[in-house]
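Number of protein chains: 2
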Amino acid sequence: MSQRIDALICPRWTIAVEPDIEVHEDLVVAIDKGRIVALLPRAEAMDRFEPDALHDRPDHVLLPGLVNVHTHAAMTLMRGYGDDMPLARWLEERIRPIELNLANPDFVADGTRLAVAEMLRAGTTCFADMYFFPDKVAEVATETGIRAAVGMIALDFPSPWADTPDEYISKGLDVHDTYRGAPLVSTFFAPHAPYSVSDATLQRIRQLADELEVPVQMHIHETANEVEDSVAEYGKRPLQRLDELGLLNSALIAVHATQLLGHEMERLGSAGSSIAHCPRSNLKLASGACPVAEALAAGINVGLGTDGAASNNRLDMWAEMEMAALLGKHVAHDAEAVPAPVVLEMATINGARALGLADEIGSLVAGKSADVICVELTAPTVRPVLDPLSQLVYCSGREHVTDVWVAGEHLLSAGRLTRMDIEVILERADQWGKRILDA
Amino acid sequence: MSQRIDALICPRWTIAVEPDIEVHEDLVVAIDKGRIVALLPRAEAMDRFEPDALHDRPDHVLLPGLVNVHTHAAMTLMRGYGDDMPLARWLEERIRPIELNLANPDFVADGTRLAVAEMLRAGTTCFADMYFFPDKVAEVATETGIRAAVGMIALDFPSPWADTPDEYISKGLDVHDTYRGAPLVSTFFAPHAPYSVSDATLQRIRQLADELEVPVQMHIHETANEVEDSVAEYGKRPLQRLDELGLLNSALIAVHATQLLGHEMERLGSAGSSIAHCPRSNLKLASGACPVAEALAAGINVGLGTDGAASNNRLDMWAEMEMAALLGKHVAHDAEAVPAPVVLEMATINGARALGLADEIGSLVAGKSADVICVELTAPTVRPVLDPLSQLVYCSGREHVTDVWVAGEHLLSAGRLTRMDIEVILERADQWGKRILDA
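Protein chains in written order, with the working numbering: chain F, 1 to 439; chain Y, 440 to 878.
Structural data, given as structure tokens:
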């Protein structure tokens, strides 16, 4: 007797990522109660299951949803505000003044909604956010159905969200408590950067992260200046200081990491740490480039992030994957470095690992949450299809994502958002845009 | 009394590129008999003209069509065949065997049709091609309505197109003669590379190019190996050798140019030469990166090219523009380098100049050919629109191109190709794909 299930997705090609990154034909995915029940040949599936919904995707690749390990979602509202400027000036002249004047809970909610719309349409099913008002980010994630890891941000200077390190941590812990056990929202500590958070605050965060078993994400070694300043102030590079504070462990996600020495990579690798590689943002701000091939060889878990839209300017994991592959070869002086399959792992399972969510997402494995996407390979730019995995990394794009499910809910269907009122979101975004230009 | 004209295009924003690269509102473009008649405010245009067609594009940017200064169009059929391999192995193990066995006039025609479909959909209105069977490329351009500069290829070794340097040149000149005075097809000499063409052939090409007043396009200083080999064989770097042969002049388009010394840039700049910058291909093959900011400062005219789809893998000038801006900053260690307006000039007027077509295309100026495109700025990823020019370079993409006119003919309308039978083209491309996989 056949088993009733919610849905069966029948693509032409399936890339499960685990147990292998190969392209399989005739492998369909059975989904029930938000979880993957099985991957099996179609004929077998039709025998075994009675699906409420049958999704035929005859020209599509089915793969795990993409995991964006580093963004500041609400900064979509500042997209294109301050291009072609170096990090310090960009931050001081453009971004900070807007954040101090305009960034309030509504700003963050509206900006995050715009970001979620952009990310879902592009096949991102989970994002890790670092911004003010993480309570609002968690609310918007819950409201829109996307999966979010929400950063408990901490800084030594005041912002509209909190005034003191203690207040940042306390308000962050409130968010953590509110979402404990929530199906789609997890949390992590997000001390901003070595230069903006004191030793005392970092020590407290390390203790709390140990107790709560959550990741710690931090901008680390983003620029050469940051490293030089630390040497001048502390007599040591930031990673050395963080190591002495006990932060180099498997909970750590070092964001950017464009300035890495060989022994630092060895240390991060043996500690089981992760890097959030944000190649487009690093290039746009001329910060440098993470040596990804070397980092992977040292055993570091490298995920991919878009960073915020004020320094990218798109929250597009396809663009990030392409850039990771292309730039990774350039930096390694080796065309074989950072090949397409590795890049797809970075954008899926490695991201899940970094966020402590590898048991739940990042690959198509029975028992994991049904966070899956379909990409259509019919446009001229992806033809002929000699290698579907190559098409995904090197020539398809966000516009070819047709379907997105998060925990089994069909959030994007035939390229349309099913749950978000996109017109209202865009109108509000445009209103914020006017206020930014008038500021 | 008002003047009857073919069409009036009324966008929200217009970027004419010349006389300035600013974004103008309320500037419409009048087109008649394939040419731009005037740019003027809408009310004035409605007084002065009686258009047969009125194209309202209320959420769009109008700009000149993009000029792809370097591609091997037919190589779309080999898209994704040989990723993640260095140049020499990629060429010898993957590309050459296919070219020797399969590349015939039908292969080139079908591959070029696929390329033209991809390029038109992405807003490219003119491409410069270097491949075997340039007669077929010219035929396909004429058949499809796109503008093409067709390379009279020359090599020292035989191919399915020709056996000897003399035969290459002679067959190339036949193509030149056939298309002399053609409205949409121009020609240029395309000696493949310093390492594959002898001094004698290069001297003959220089003389012929002088007489016919056509550009000379050549892969030059693509890799460090190429430069080292030249020093070993000739005792000089390739650019030095070409200079002694008289090739460094305003007709020259140096393709790739990832290995440039300061004095070489000064020399190219004072000679009035151009570079065809192909950043994505250079990274994918780990060849290096052209120092664009320095090259521009030296007075070199830098255009943008996609290279062929076997090493990119997309013929997408938006991806190339973004990469040029991002990589240009990285290479210069300067976030202010290669800003968005400069990149848009590279993709339009600089490309036109390189190809000797600046009187005809590359900017919206009365009297020039009506090669124009519209880009829609409504999707979440381009909102809010704080700066339309920033959106074009940093977050919009090929999928936002709605309309393309070449010489006044509406070849893409609401995202659909008007003149090409795309289903037939894709089917043929897939058939070639099968033959490549079976080879």
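Yeah, the Cβ is synthetic: ideal placement off N, Cα and C, and Gly gets one too.
Problem - For V108 (chain F), the first and last residue of its enclosing alpha helix (DSSP H) - result: Taking the first sequence and counting its residues from 1, the one referred to as residue 108 (chain F) is at position 108. Looking at the DSSP string, the run of the alpha helix (DSSP H) that includes V108 (chain F) is P105 to R121.
Exercise for the section: Taking I861 (chain Y) as the query, report the chain F residues whose CB atoms sit under 8 angstroms from its CB, ordered along the chain. Expected result: Taking the first residue of the second sequence as 1, we reach residue 861 (chain Y) at position 422. Under the 8 angstroms cutoff, chain F gives P380.
Handout entry: Below-8 angstroms beta-carbon distance, I875 (chain Y) vs any chain F residue
Key = Within the second sequence, residue 875 (chain Y) is the residue found at index 436, counting from 1. It does: the Cβ of I875 (chain Y) has a partner Cβ on chain F nearer than 8 angstroms.
Practice task
Mind listing the chain F neighbours of V824 (chain Y)? Cutoff is C-beta to C-beta under 9 angstroms, in chain order.
Solution key: Sequence index remark: in the second sequence, residue 824 (chain Y) carries index 385 (1-based). Those are R79, G80, D430 and G433, listed as they occur along chain F.
Exercise for the section: With a floor of 3 residues, list each beta strand (DSSP E) that falls wholly inside the stretch 240–268 of chain F, ordered by position along the chain. Expected result: 252–256
Practice task
Kindly say whether A335 (chain F), judged by its beta-carbon, lies nearer than 8 angstroms to any beta-carbon of chain Y.
Solution key: Numbered from its first residue, the first sequence carries residue 335 (chain F) at position 335. Closer than 8 angstroms to some Cβ of chain Y, the Cβ of A335 (chain F) qualifies, so yes.
Handout entry: Residue interval of the alpha helix (DSSP H) (run including H176 (chain F))
Key = In the first sequence, counting from the first residue as 1, residue 176 (chain F) sits at position 176. P165 to T178 is the span of the alpha helix (DSSP H), which, as asked, contains H176 (chain F).
Exercise for the section: Would you be able to state if there are at least three C-beta pairs under 8 angstroms between the stretch 80–94 of chain F and the stretch 822–836 of chain Y? Expected result: yes
Exercise for the section: For the stretch 57–73 of chain F, enumerate the residues whose C-beta is nearer than 7 angstroms to any C-beta of chain Y, in chain order. Expected result: none
Practice task
Ignore the nearest five residues each way along the sequence and tell me which others in L493 (chain Y)'s own chain have a CB closer than 8 angstroms to its CB.
Solution key: The residue given as residue 493 (chain Y) occupies position 54 in the second sequence. A446, L447 and C449, listed in sequence order.
Exercise for the section: Give the secondary structure of L184 (chain F) by DSSP, where H, G and I count as helix, E and B as strand, and everything else as coil. Expected result: Position 184 of the first sequence holds residue 184 (chain F). It is coil, neither helix nor strand.
Problem - Residue-chain proximity (G123 (chain F), chain Y), Cβ-Cβ < 8 angstroms - result: Locating residue 123 (chain F) in the first sequence gives position 123, where the first residue counts as 1. With 8 angstroms as the cut-off, G123 (chain F) does not count as an interface residue toward chain Y.
Exercise for the section: Would you list the one or two residues that DSSP bridges to H55 (chain F)? Expected result: For this step, residue 55 (chain F) is matched to residue 55 along the first sequence. In DSSP, H55 (chain F) forms a bridge with F:I9.
Handout entry: Residue range of the beta strand (DSSP E) that includes L412 (chain F)
Key = Numbered from 1 along the first sequence, position 412 holds the residue referred to as residue 412 (chain F). E409 to S413 is the span of the beta strand (DSSP E), which, as asked, contains L412 (chain F).
Problem - Boundaries of the beta strand (DSSP E) in which S274 (chain F) is found, first to last residue - result: If you number the first sequence from 1, residue 274 (chain F) lands on position 274. From DSSP, the beta strand (DSSP E) with S274 (chain F) extends over S274 to H277.
Exercise for the section: Can you pull the chain F residues whose beta carbon is under 7 angstroms from the beta carbon of H769 (chain Y), in chain order? Expected result: Residue mapping note: residue 769 (chain Y) aligns to position 330 of the second sequence, counting from 1. Those within 7 angstroms of H769 (chain Y) in chain F are L283, A286 and A289.
Problem - Meets three-Cβ-pair contact criterion under 8 angstroms: the stretch 763–770 of chain Y and the stretch 722–740 of chain Y - result: yes
Handout entry: Touching by the beta-carbon criterion (3+ pairs, under 8 angstroms), the stretch 827–843 of chain Y and the stretch 392–410 of chain F
Key = yes
Handout entry: Neighbourhood of E704 (chain Y) by C-beta, 7 angstroms cutoff - its chain only, sequence neighbours within 5 removed
Key = Residue mapping note: residue 704 (chain Y) aligns to position 265 of the second sequence, counting from 1. A quick correction: the sequence has Met, not Glu, at residue 704 (chain Y). Correct list, in chain order: E733, A734, A737 and I739.
Practice task
Leaving aside the five residues before and after F572 (chain Y) along the sequence, list all residues of the same chain whose C-beta is less than 7 angstroms from its C-beta, in chain order.
Solution key: Sequence index remark: in the second sequence, residue 572 (chain Y) carries index 133 (1-based). Counting only Cβ-Cβ distances below 7 angstroms, and skipping sequence neighbours, we find P544, V547 and W600.
Practice task
Mark D316 (chain F) as exposed unless 16 or more other C-beta atoms lie within 10 angstroms of its C-beta, in which case mark it buried.
Solution key: For this step, residue 316 (chain F) is matched to residue 316 along the first sequence. D316 (chain F) should be labelled buried.
Handout entry: Beta-bridge pairing of A501 (chain Y) - partner residues as DSSP gives them
Key = Reading the second sequence from its first residue, position 62 is the one you call residue 501 (chain Y). The identity of residue 501 (chain Y) in the sequence shown is Leu, whereas the question assumes Ala. Paired residues: Y:T453 and Y:C813.
Practice task
Kindly confirm or deny that the stretch 559–576 of chain Y and the stretch 865–877 of chain Y touch, where touching means at least three C-beta pairs closer than 8 angstroms.
Solution key: no
Problem - Distance, V694 (chain Y) Cα to A310 (chain F) Cα - result: As a first step, residue 310 (chain F) must be located in the first sequence, where it is residue number 310. As a first step, residue 694 (chain Y) must be located in the second sequence, where it is residue number 255. A310 (chain F) and V694 (chain Y): Cα-Cα distance of roughly 33 angstroms.
Problem - C278 (chain F): contacting residues in chain Y (beta-carbon distance under 9 angstroms) - result: In the first sequence, the residue the question calls residue 278 (chain F) occupies position 278. Chain Y residues near C278 (chain F): none, gap ~12 angstroms exceeds 9 angstroms.
Handout entry: Any C-beta of chain F under 8 angstroms from that of N540 (chain Y)
Key = Taking the first residue of the second sequence as 1, we reach residue 540 (chain Y) at position 101. Judged by the 8 angstroms Cβ criterion, N540 (chain Y) is not in contact with chain F.
Practice task
Closer than 8 angstroms by C-beta to D465 (chain Y): which residues in its own chain qualify, once you throw out the five before and the five after it? Chain order, please.
Solution key: The residue you call residue 465 (chain Y) lines up with position 26 of the second sequence. Excluding sequence neighbours, D465 (chain Y) sits near P480 and R481.
Practice task
Give a single yes or no on whether L268 (chain F) has its beta carbon closer than 7 angstroms to a heavy atom of the ligand NAD.
Solution key: Within the structure as shown, the ligand NAD is missing, as the structure has no ligands at all.
Exercise for the section: May I ask you to report which of helix, strand or coil DSSP gives A289 (chain F)? Expected result: One-based indexing of the first sequence puts residue 289 (chain F) at position 289. DSSP places A289 (chain F) in coil when its eight states are reduced to three.
Practice task
State the DSSP-derived secondary structure class of E50 (chain F), mapped to helix, strand or coil.
Solution key: Here the question's residue 50 (chain F) lines up with position 50 in the first sequence. Correct three-state label for E50 (chain F): strand.
Handout entry: Near-chain F residues of the stretch 523–539 of chain Y - C-beta to any C-beta below 9 angstroms
Key = D523, M524, P525, L526, R528 and W529
Problem - As assigned by DSSP and simplified to three states, the class of D403 (chain F) - result: Working through the first sequence from its first residue, we reach residue 403 (chain F) at position 403. In the structure shown, D403 (chain F) sits in a strand (DSSP, three-state: E or B).
Problem - Nearest candidate by alpha-carbon position, reference L816 (chain Y), set Y:Q442, Y:R451, Y:I444 and Y:R443 - result: One-based indexing of the second sequence puts residue 816 (chain Y) at position 377. Per the Cα distances, Y:R451.
Problem - Euclidean distance between Cα positions of L389 (chain F) and A340 (chain F) - result: Here residue 389 (chain F) corresponds to residue number 389 of the first sequence, with the count starting at 1. Here residue 340 (chain F) corresponds to residue number 340 of the first sequence, with the count starting at 1. Each residue's Cα considered, the two are about 7 angstroms apart.
Exercise for the section: Mind reading off the beta-carbon distance from D421 (chain F) to H410 (chain F)? Whole number of angstroms is fine, and I expect it under 8 angstroms. Expected result: If you number the first sequence from 1, residue 421 (chain F) lands on position 421. If you number the first sequence from 1, residue 410 (chain F) lands on position 410. The Cβ separation is near 17 angstroms, so there is no contact.
Practice task
Just the C-alpha distance for D495 (chain Y) and L559 (chain Y), rounded to the nearest angstrom, thanks.
Solution key: Within the second sequence, the letter at position 56 stands for residue 495 (chain Y). Within the second sequence, the letter at position 120 stands for residue 559 (chain Y). Spanning the two alpha carbons is a distance of roughly 20 angstroms.
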